[in-house]
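Number of protein chains: 2
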Amino acid sequence: MKGNDLISTLYEHGTLASLMAGNMDGTITVADLLKHGSTGIGTFNGLDGEVIILDGEVYQAVSDGHVNHMTDRQAKMPFASVHTPEDLEKIELSNVDFTALNGDFAEKHALKNIFAALRLKGNFNHVKVRIAPKQEKPYPSLLEVAKGQPTFTNDNVTGTIIGYYAPEIFGSVTAAGWHLHFISDDRQFAGHLLEFNADQLTGDLQIFDNLQQHMPINDQAFRQGEVDMGILRDSIAQSEGNND
Amino acid sequence: MKGNDLISTLYEHGTLASLMAGNMDGTITVADLLKHGSTGIGTFNGLDGEVIILDGEVYQAVSDGHVNHMTDRQAKMPFASVHTPEDLEKIELSNVDFTALNGDFAEKHALKNIFAALRLKGNFNHVKVRIAPKQEKPYPSLLEVAKGQPTFTNDNVTGTIIGYYAPEIFGSVTAAGWHLHFISDDRQFAGHLLEFNADQLTGDLQIFDNLQQHMPINDQAFRQGEVDMGILRDSIAQSEGNND
Chain A
1 MKGNDLISTL YEHGTLASLM AGNMDGTITV ADLLKHGSTG IGTFNGLDGE VIILDGEVYQ
61 AVSDGHVNHM TDRQAKMPFA SVHTPEDLEK IELSNVDFTA LNGDFAEKHA LKNIFAALRL
121 KGNFNHVKVR IAPKQEKPYP SLLEVAKGQP TFTNDNVTGT IIGYYAPEIF GSVTAAGWHL
181 HFISDDRQFA GHLLEFNADQ LTGDLQIFDN LQQHMPINDQ AFRQGEVDMG ILRDSIAQSE
241 GNND
Chain B
1 MKGNDLISTL YEHGTLASLM AGNMDGTITV ADLLKHGSTG IGTFNGLDGE VIILDGEVYQ
61 AVSDGHVNHM TDRQAKMPFA SVHTPEDLEK IELSNVDFTA LNGDFAEKHA LKNIFAALRL
121 KGNFNHVKVR IAPKQEKPYP SLLEVAKGQP TFTNDNVTGT IIGYYAPEIF GSVTAAGWHL
181 HFISDDRQFA GHLLEFNADQ LTGDLQIFDN LQQHMPINDQ AFRQGEVDMG ILRDSIAQSE
241 GNND
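Listed in order, the protein sequences are those of chains A and B.
So the first sequence is numbered by UniProt numbering: it starts at 1 and just counts up by one.
So the second sequence is numbered by UniProt numbering: it starts at 1 and just counts up by one.
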């Protein structure tokens with residue numbers, strides 16, 4: 001349990017609901033995003049790939065399987081989350097996979113109603129990721145995109161898992177439960193984590209007091225977008241429900 | 001449309017979902033809440049009344065219909081929202097009621113996907129409020145409490161409406177749509193606004209870039225609370241769905 005005097009914040013730009021509706025134009029620059037944290041995940045303008053941010057360095061996995069080291073700080077993102085690592089709880093896990101993270105681990109750390117960041121490093125026996133392909137206008141819904149996303153696997157690879165846990169009641173605002181990305185130590189393999197298992201991983205867990213949810217209020221597509229909560233819930237379940 | 005360089009934040013402590021589940025113990029002091037804004041709404045420990053905060057002064061409407069001017073800054077609240085009035089858009093409305101706020105007004109200001117604060121002053125032809133009665137442990141669900149809340153009406157009264165608009169996708173985190181409280185100029189009549197109409201009101205609208213959602217992460221009832229999303233949606237619809 002952290003002390004009462006420490007306040008930590010997860011910063012999120014954009015909402016999953018708006019992205020689901022096909023609002024995929026970037027609405028925050030990398031430069032502005034990095035003002036709120038050095039570590040995180042997201043996607044680029046047009047849903048172009050899976051982003052991993054570690055120590056202020058930005059990596060983009062694109063849908064042919066390559067990883068770009070992005071140095072353009074004016075590139076824009078429609079949806080991204082970052083934080084500043086601090087007040088970390090050290091984690092050591094054996095025989096770990098999504099079943100363990102969703103089960104014993106989430107229960108032990110009483111995650112279900114809070115936001116947390118997880119970083120895990122080590123050698124992975126197996127990793128499976130997916131990478132969103134860049135979309136062109138008129139943008140389809142995220143559900144349509146999700147049906148045709150390429151996946152990639154890698155065995156015996158050393159790397160880092162980075163991402164977040166979000167409470168179920170925020171499940172239209174962001175991805176509920178675990179939303180994790182992976183990047184290999186050689187920065188050649190990365191993506192949105194679908195499956196993994198490892199004998200031994202080490203890392204850290206950070207629990208947030210605050211979600212700072214930033215809205216692109218000057219973006220008309222965001223502002224005017226229609227939300228059908230029933231369709232939204234079904235779509236999120238189909239496109240994001242892949243971790244258990 | 002506000003400028004890109006102005007950032008404003010709505011601060012919220014606690015979640016509607018947790019309150020619905022019966023977690024009614026206060027988890028933030030008035031002193032700590034007021035660090036994040038001078039104006040807002042909320043409720044006290046044990047769901048004791050309806051709170052109106054104007055210019056840093058805290059008023060509590062209690063269920064016998066009286067209004068207390070609260071000066072105890074160590075009193076605790078389980079759920080509250082505050083902001084600092086700034087970058088205000090002046091509002092003048094004729095023949096205004098909830099139908100107008102939910103319809104033309106929300107559409108004109110493109111509110112549906114954003115958070116906003118509304119403050120309206122003037123003479124009201126009619127006002128109907130409800131006031132949550134203080135609960136004792138073991139706390140019931142908010143749905144149970146909502147079934148038996150006293151209501152009060154007042155005609156030809158001058159006063160202020162203060163409260164917030166929230167997007168539908170945040171409807172388990174806070175009250176979606178309008179969540180407004182009322183207090184009379186003589187500070188003798190106040191509560192959670194159920195109905196009103198007025199010939200002419202003036203005030204201001206403030207649109208937020210950010211929701212700062214603060215969680216009572218050291219509170220075990222909050223941390224461990226079970227959320228059944230289906231029951232939660234039904235309960236919120238029944239207990240909060242009163243403005244249209």
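We put the beta carbon where it would ideally sit given N, CA and C, even for glycine.
Can you grab the Cα-Cα spacing for the pair residue i / residue j, in whole Å?
i: Gly14(A); j: Asp186(B); result: 42 Å
i: Phe196(A); j: Ile161(A); result: 10 Å
i: Val129(B); j: Leu143(B); result: 17 Å
i: Ala175(A); j: Lys121(B); result: 40 Å
i: His36(A); j: Gly49(B); result: 37 Å
i: Asp155(B); j: His69(B); result: 22 Å
i: Pro216(B); j: Asp64(A); result: 43 Å
i: Glu107(A); j: Phe189(B); result: 46 Å
i: Asp72(B); j: Ala80(A); result: 40 Å
i: Asp87(B); j: Asp204(B); result: 10 Å
i: Asp228(B); j: Gln135(A); result: 36 Å
i: Ile41(B); j: Ile28(B); result: 13 Å
i: Ala31(B); j: Asp104(A); result: 38 Å
i: Asn4(A); j: Asn218(B); result: Legend: pLDDT at Asn4(A) = 44, less than 50; position of this residue unreliable, value from coordinates given subsequently. Asn4(A) and Asn218(B): Cα-Cα distance of roughly 8 Å.
i: Glu92(B); j: Trp178(B); result: 18 Å
i: Gly230(B); j: Ala146(B); result: 18 Å
i: Arg24(A); j: Ser141(A); result: Position check: residue 24(A) holds Met in this sequence, whereas Arg was assumed. Going from the Cα of Met24(A) to the Cα of Ser141(A) covers about 9 Å.
i: Gly26(A); j: Val67(A); result: 20 Å
i: Val51(A); j: Ile114(B); result: 26 Å
i: Ile7(A); j: Phe208(A); result: 7 Å
i: Leu19(B); j: Lys112(A); result: 16 Å
i: Ala21(A); j: Thr99(A); result: 30 Å
i: Leu193(A); j: Leu118(A); result: 13 Å
i: Ala110(A); j: Thr153(B); result: 44 Å
Tell me which residue opens and which closes the beta strand (DSSP E) that residue i is part of.
i: Asp155(A); result: Thr151 to Ala166
i: Met70(B); result: Val67 to Met70
i: Val51(A); result: Glu50 to Leu54
i: Asp97(A); result: Glu89 to Asp97
i: Val127(B); result: Phe115 to Arg130
i: Ala61(A); result: Glu57 to Ala61
i: Phe170(B); result: Run containing Phe170(B): none; DSSP gives neither H nor E here.
i: Val82(A); result: Phe79 to His83
i: Leu10(B); result: Thr9 to His13
i: Ile217(A); result: Here Ile217(A) belongs to no beta strand (DSSP E), and DSSP marks it neither H nor E.
i: Thr27(A); result: No beta strand (DSSP E) contains Thr27(A), which DSSP labels as neither H nor E.
i: Gly46(A); result: Neither: Gly46(A) is in no beta strand (DSSP E) and is coded neither H nor E.
Check for me: the alpha helix (DSSP H) holding residue i runs from which residue to which?
i: Val145(B); result: Leu142 to Ala146
i: residue 245(B); result: Residue 245(B) lies beyond the range of chain B shown here (1 to 244); nothing can be said about it.
i: Asp199(B); result: Counting along the chain, Asp199(B) falls outside any alpha helix (DSSP H), though it belongs to the beta strand (DSSP E) covering Ala190 to Phe208.
i: Gln74(B); result: That residue, Gln74(B), is in no alpha helix (DSSP H); it is neither H nor E in DSSP.
i: Ala176(A); result: No alpha helix (DSSP H) contains Ala176(A), which DSSP labels as neither H nor E.
i: Phe105(A); result: Premise fails: Phe105(A) is in no alpha helix (DSSP H) and is neither H nor E.
i: Leu16(B); result: Leu16 to Met20
i: Val30(A); result: Val30 to Leu34
Mind checking residue i: buried by the 16 CB within 10 Å criterion, or exposed?
i: Ser235(B); result: buried
i: Glu12(B); result: buried
i: Pro138(B); result: exposed
i: Asn210(B); result: buried
i: Ala17(A); result: buried
i: Ala132(B); result: buried
i: Thr43(A); result: buried
i: Gln213(A); result: buried
i: Gln206(A); result: buried
i: Ala198(A); result: buried
i: Asn95(A); result: exposed
i: Gln224(A); result: exposed
i: Gln200(A); result: exposed
i: Thr158(B); result: exposed
i: Ile183(B); result: buried
i: Met1(A); result: Residue placement at Met1(A) is flagged as unreliable, the pLDDT there being 41, under the threshold of 50; the coordinate-derived value follows with that caveat. It is exposed - the Cβ of Met1(A) has fewer than 16 other Cβ atoms within 10 Å.
i: Lys90(B); result: exposed
i: Gly56(B); result: exposed
Of all Cβ atoms in chain D, is any one closer than 9 Å to the Cβ of residue i?
i: Leu118(A); result: The structure shown contains no chain D; its protein chains are A and B.
Using a Cβ-Cβ cut-off of less than 7 Å, give me the residues of the region 207–226 of chain B that come near chain A, in sequence order.
Ile207, Asp209, Asn210, Leu211, Gln212, Gln213, His214, Met215, Ile217, Asn218, Phe222, Arg223, Gln224 and Gly225
Interface residues of the region 11–44 of chain B facing chain A [CB-CB below 8 Å]:
Thr15, Ala17 and Ser18
According to a CB-to-CB cut-off of less than 8 Å, which residues of the region 83–114 of chain A neighbour chain B?
Ala110, Lys112, Asn113 and Ile114
To be precise: take each residue of the region 144–177 of chain A, compare its Cβ to all Cβ atoms of chain B, and keep it if any distance is under 7 Å. Which residues remain?
Glu168, Ile169, Phe170, Ser172 and Val173
Proximal residues, the region 50–83 of chain B versus chain A, C-beta separation under 8 Å
none
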